[in-house]
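Below is one structure, written out as structure tokens, with a few remarks after it.
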Amino acid sequence: MNIGIDAGGTLIKVVCRDRGSLKYHKFPSIQLDYVASWINGFDEAQICVTGGKASLLKSKMKHKPAEIVEFEATSQGVRYFLTKNDFEEDAYLVTNVGTGTSIHHVTEHWQQRMGGTGVGGGTMMGLAQLLTGLTDYEEIVRLAAKGSRNRIDLLVSHIYEGAEPPIPGDLTASNFGNLLPSASLASLSKEELLAAVIGLVGETVATTSVLAAGQCGVSTVIFIGSSFLRNKLLKEVVIRYTKLRGGSPLFLQNGEFCGAVGASLYE
Ligand code: ADP
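Here it is, written out as structure tokens:
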């Protein structure tokens, strides 16, 4: 059996690969010691680690595993899933919305990191906590899906007030820019605040990705990362903004495991 581990800033993703069948496991990164002792129980497996916390995890493991750079692992994992899904495009952009966001130009044989943004899943969690006190991911994404951004975000149409704007009026002119009289602030619900946070993250990662895609001469943007898990609103925002700016968004099932799958393929 091959085990690939992607030890990220927030979550540790583990893939156990045995004759073509994949088993997926996920743990909070604070359970690093537990994951190390669980993995130490696999005596016969070939193990490869990747991700920001890979070295720390490795230091706690009985048999020292191989280690690969996370960007290589991720692009290997993306290629694996694309082949499984008969996707034939030979060059595309991969945007990994993890704790932070990393953007890559990937082809059949190489990958190049184009850049990234500190706005990502960690921003979603941090701003959600600051604005609403909530810390549970599932609760945050569930409430956000019920919220409206109308009272918080400033739209292009708000600025143009009845005049014909040169760009679509329903684009966001300024995230959180629709300043309310202070008396109304307390009336904002958690749902509205959380929807606005996810709007900010989604529009930022989609816009940055499409600009990078243009620079690489590709139009398909593959979005991966645990930030999309059960996060209907983030997906909707990303799809809308990517298409609006001329890109073709694609989501991979189990896409948050690309790094771990790539590591499991290491020979
Ligand atoms: P990393 O490799 O940096 O850990 P991930 O791709 O695993 O990144 O994505 C981390 C993000 O996924 C978090 O910032 C959060 O927005 C989201 N997330 C999804 N599920 C959870 C969870 N159970 N606990 C915390 N964050 C979660």
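Residues in the sequence shown are numbered consecutively from 2, following the numbering used here.
Every residue, glycine too, gets a C-beta built ideally from N, C-alpha and C.
Check: Does the beta-carbon of D154 have 16 or more other beta-carbons within 10 angstroms, so that it is buried, or is it exposed?
Finding: Position 153 of the sequence shown holds residue 154. D154 should be labelled buried.
Check: Is DSSP giving S249 helix, strand or coil here?
Finding: In the sequence shown, counting from the first residue as 1, residue 249 sits at position 248. DSSP places S249 in strand when its eight states are reduced to three.
Check: Is it buried or exposed for V70, if we count other Cβ within 10 angstroms and need 16 for buried?
Finding: Taking the sequence shown and counting its residues from 1, the one referred to as residue 70 is at position 69. Looking at its Cβ environment, which holds fewer than 16 other Cβ atoms inside 10 Å, V70 is exposed.
Item checked: Span separating the alpha-carbon of E90 from that of T221 -> Walking along the sequence shown from the start, residue 90 turns up at place 89. Walking along the sequence shown from the start, residue 221 turns up at place 220. E90 and T221: Cα-Cα distance of roughly 8 Å.
Item checked: The alpha helix (DSSP H) enclosing Y138, as first and last residue numbers -> The residue given as residue 138 occupies position 137 in the sequence shown. Y138 to A145 is the extent of the alpha helix (DSSP H) around Y138.
Notebook entry, point to check: Is E204 closer than 8 Å to K147 when the C-beta atoms are compared?
Noted result: Position 146 of the sequence shown, counted from the first residue, corresponds to residue 147. Position 203 of the sequence shown, counted from the first residue, corresponds to residue 204. Not closer than 8 Å, so no.
Checklist line | Residue closest to V95, alpha-carbon to alpha-carbon, out of T84, Q112 and D87 | finding: Position 94 of the sequence shown holds residue 95. Of T84, Q112 and D87, the residue nearest in Cα terms is Q112.
Checklist line | Beta-carbon proximity check, V198 vs M125, cutoff 8 Å | finding: Numbered from 1 along the sequence shown, position 197 holds the residue referred to as residue 198. Numbered from 1 along the sequence shown, position 124 holds the residue referred to as residue 125. Yes.
Item checked: Where N41 falls: helix, strand or coil (DSSP) -> Here residue 41 refers to the residue found at position 40 when the sequence shown is read from its first residue. It is helical.
Next item on the list: Measure from the alpha carbon of I276 to the alpha carbon of each residue in A214, V211 and F252, then state which is nearest.
Entry: Nothing about residue 276 can be reported from this structure: the residues present for the chain run from 2 to 268 only.
Checklist line | Supposed contact pair K14 and E268 - C-beta distance, whole angstroms, cut 8 Å | finding: Here residue 268 is taken as the residue at index 267 of the sequence shown, counted from 1. Here residue 14 is taken as the residue at index 13 of the sequence shown, counted from 1. Wrong, their Cβ atoms sit about 20 Å apart, outside the cutoff.
Notebook entry, point to check: Between G276 and the ligand ADP, is the CB less than 7 Å from at least one heavy atom?
Noted result: Because the chain spans 2 through 268 in this model, residue 276 falls outside it and cannot be assessed.
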